[in-house]
Structures are given as C-alpha cells and as structure tokens.
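*Asks:* Take a look at the following structure, please.
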Amino acid sequence: MKKAIFIGLGIVGVILLFALIIQDADVIFALSGLAAAVSFLLAALSSRAIEGGEKNWTEEEMERKGRRTRRRKGKALMFTMIGLPNFLTAVLSYLFL
Numbered sequence: 002m003k004k005a006i007f008i009g010l011g012i013v014g015v016i017l018l019f020a021l022i023i024q025d026a027d028v029i030f031a032l033s034g035l036a037a038a039v040s041f042l043l044a045a046l047s048s049r050a051i052e053g054g055e056k057n058w059t060e061e062e063m064e065r066k067g068r069r070t071r072r073r074k075g076k077a078l079m080f081t082m083i084g085l086p087n088f089l090t091a092v093l094s095y096l097f098l
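Numbering (this note's numbering), first residue to last: 2 to 98.
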C-alpha cells in the first residue's frame with residue numbers, strides 16, 4: 002500500500018514539474034484530476050463494481066472464491082491509493098489556485 006501511495010505522489014510530482022516548466026497552474030488541476038479519474042475508474046473495474054450481466058468464463062472462474070476476492074480487493078485498493086494523492090492535489094489546486 003505504501004508503494005501505491007508513493008507512485009501516486011510520484012505522478013503528482015511529475016505533474017507539478019510539468020506545470021512549473023510551462024508556467025501554468027491550471028494544468029495541475031486538469032492533469033491531477035485526469036490521473037485521479039483514471040485511477041478510480043481502474044479501481045472500479047478491477048473490483049468488478051462495473052460489470053455487465055454476463056460472466057466471463059475464464060480461468061479466474063475456476064479458482065477459489067476467497068483467493069479471487071482478495072486479489073480483486075488488493076488491486077482495487079492499490080488503484081485507489083494511487084489516485085488519492087492526485088485527487089487531493091486536484092481539489093487543493095481548484096480551491097487555492
């Protein structure tokens with residue numbers, strides 16, 4: 002989980018560096034918001050919160066339910082933790098810049 006937060010902070014750092022180079026503070030809000038939205042969408046997709054009516058019959062369906070649930074929750078938490086610093090940066094830049 003720490004690794005995911007550091008990845009999110011790294012993305013924020015790259016966005017801030019890019020905003021400093023082009024000297025436009027509005028880019029921080031746009032890119033951080035986009036990164037957070039993509040990350041939260043990936044979290045929703047990996048946890049199967051957004052799923053069609055038909056189930057895919059893959060090897061994933063053959064494994065035990067507990068293992069599958071743990072893996073899905075782990076991926077969803079990882080993407081959420083990556084998106085959290087980006088979301089906070091987007092909100093703070095919207096409020097204060």
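By construction, the Cβ of each residue, glycine as well, lies at the ideal position given by its N, Cα and C atoms. Remember, it's a predicted structure, so these values are computed and weren't measured experimentally.
With respect to the alpha helix (DSSP H) encompassing Ala36, which residues constitute its N-terminal and C-terminal limits?
*Replies:* 27 to 47
*Asks:* List the whole-angstrom C-beta distance separating Lys76 from Ser47, where the pair is believed to meet the contact cut-off of C-beta under 8 Å.
*Replies:* At roughly 4 Å, the Cβ-Cβ gap stays under 8 Å, so Lys76 and Ser47 are in contact.
*Asks:* Spatial neighbours of Ala91 within its chain, please: CB distance less than 7 Å, with the 5 preceding and 5 following residues excluded, ordered by chain position.
*Replies:* Phe30, Ser33, Gly34, Ala37
*Asks:* Measure the C-alpha to C-alpha separation of Met79 and Ala20 and round it to an integer number of angstroms.
*Replies:* 26 Å
*Asks:* Terminal residues of the continuous alpha helix (DSSP H) containing Ala5?
*Replies:* 3 to 23
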